[in-house]
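Trainee:
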Amino acid sequence: MIFTVAIDGPAAAGKGTISRAMAERFGFAHLDTGSLYRAVGVKNGDPVAAARGLTPDDLERDDLRSLAVGQAASRVAVIPEVRAALLEFQRRFARREGGAVLDGRDIGTVICPEAEVKLYVTASPEVRAHRRWLELGGDEAQVLAEVRERDARDMGRVDAPLRPAADAVLIDTSEMTIGEAVELAAAAVEAALRRAGPG
Ligand code: CDP
Numbered sequence: 191m192i193f194t195v196a197i198d199g200p201a202a203a204g205k206g207t208i209s210r211a212m213a214e215r216f217g218f219a220h221l222d223t224g225s226l227y228r229a230v231g232v233k234n235g236d237p238v239a240a241a242r243g244l245t246p247d248d249l250e251r252d253d254l255r256s257l258a259v260g261q262a263a264s265r266v267a268v269i270p271e272v273r274a275a276l277l278e279f280q281r282r283f284a285r286r287e288g289g290a291v292l293d294g295r296d297i298g299t300v301i302c303p304e305a306e307v308k309l310y311v312t313a314s315p316e317v318r319a320h321r322r323w324l325e326l327g328g329d330e331a332q333v334l335a336e337v338r339e340r341d342a343r344d345m346g347r348v349d350a351p352l353r354p355a356a357d358a359v360l361i362d363t364s365e366m367t368i369g370e371a372v373e374l375a376a377a378a379v380e381a382a383l384r385r386a387g388p389g
């Protein structure tokens with residue numbers, strides 16, 4: 191079965207948790223596409239060469255989740271050649287046999303517009319900054335400033351800007367528990383699986 195769940199949205203909206211839960215519940219493979227951009231952003235030197243030469247080991251580094259690497263990722267993510275270098279791998283992953291969940295910024299709009307399920311997961315900047323602060327610590331006002339800066343860069347870029355696909359299901363998690371958000375996402379996946387029919 192070819193079946194893609196595309197999950198897009200801004201930083202710390204809950205995409206990662208929802209994606210992992212969908213992959214586990216439905217037995218799909220999961221790709222956190224942000225880790226590709228983070229792995230490019232963390233490297234010194236030419237980001238285009240880094241994107242073209244990315245290896246699986248690069249994605250396993252334990253320093254990819256920091257705020258600074260998130261910022262570096264969004265800076266290299268505006269470069270069209272970087273995005274182009276990462277495109278084919280993501281497309282193939284999306285259409286692999288057995289089903290796939292991909293989370294990122296442009297999955298439903300650019301990487302896999304034919305995805306059977308598209309979710310746009312969002313929350314207010316304050317709620318997202320608070321979550322990121324609980325996860326990583328530091329100064330909460332500074333975390334909020336960085337969330338806003340990254341939102342502006344991701345939504346304002348020319349190539350593959352962050353925006354909901356026209357047919358995406360919107361999930362605003364500002365006032366939801368993670369359990370509630372996961373159930374909404376699962377209902378959308380189940381409805382699409384029924385539409386796709388057996389096999
Ligand atoms: O986990 P968080 O939502 O904070 O960020 P991430 O998903 O790891 O993505 C880090 C950065 O990579 C984003 O701010 C985007 O600039 C970029 N990115 C992208 O451009 N396209 C994607 N499909 C995924 C990430």
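For the sequence shown, position 8 matches number 198 in the numbering used here, and the numbering has no gaps at all.
Idealized CB from N, CA, C, for every residue including glycine.
Return the residue from the list ILE368, ILE361, GLU365, ALA377 that minimises the CA-CA distance to GLY199.
Mentor: Comparing Cα positions, the closest option is ILE361.
Trainee: Is it buried or exposed for MET345, if we count other Cβ within 10 angstroms and need 16 for buried?
Mentor: Exposed is the call here.
Trainee: Hey, could you find the ends of the beta strand (DSSP E) LYS308 is sitting in?
Mentor: Note, LYS308: beta strand (DSSP E), 307-312.
Trainee: Since I believe SER209 is in contact with VAL291 (beta carbons under 8 Å), could you give me their beta-carbon distance rounded to a whole number of angstroms?
Mentor: Confirmed, about 5 Å.
Trainee: Under three-state DSSP, which class holds VAL291?
Mentor: VAL291 falls in the strand class under three-state DSSP.
Trainee: The beta strand (DSSP E) with LEU360 in it runs from where to where?
Mentor: First-last of the beta strand (DSSP E) with LEU360: 359-362.
Trainee: I'd like the ranges of any alpha helix (DSSP H) spanning at least 4 consecutive residues and lying wholly in the stretch 227-306.
Mentor: Entirely contained in the stretch 227-306, the alpha helix (DSSP H) runs reaching 4 residues are, in chain order, 237-242, 257-266, 270-284.
Trainee: Would you say the beta carbon of ASP209 is closer than 6 Å to some non-hydrogen atom of ligand 1?
Mentor: Going by the sequence as given, residue 209 is Ser instead of Asp. Outside the cutoff, so no.
Trainee: Flag ARG282 as yes when its Cβ comes closer than 6 Å to any non-hydrogen atom of ligand 1, and as no otherwise.
Mentor: The answer is no for ARG282.
Trainee: Expressed to the nearest angstrom, what Euclidean distance is found between the alpha-carbon atoms of GLY327 and VAL337?
Mentor: Rounded to the nearest angstrom, the two C-alpha atoms are 14 Å apart.
Trainee: Pull up the DSSP beta-bridge partners for ASP198, would you.
Mentor: According to DSSP, ASP198 bridges with GLY294, TYR310.
Trainee: Give me the Cβ distance between THR194 and ALA305, rounded to the nearest whole Å; I'm assuming they're in contact under 8 Å.
Mentor: Right, the Cβ-Cβ distance comes to about 4 Å (below 8 Å), so this counts as a contact.
Trainee: Note down, in chain order, each residue of its chain lying with its Cβ closer than 7 Å to the Cβ of LYS205, except the 5 sequence neighbours on either side.
Mentor: Same-chain partners within the cutoff: ILE197, GLY199, ASP293, VAL311.
Trainee: So, is LEU324 buried or exposed, given that buried needs 16 or more other C-beta atoms within 10 angstroms?
Mentor: By the 10 Å Cβ count, LEU324 comes out exposed.
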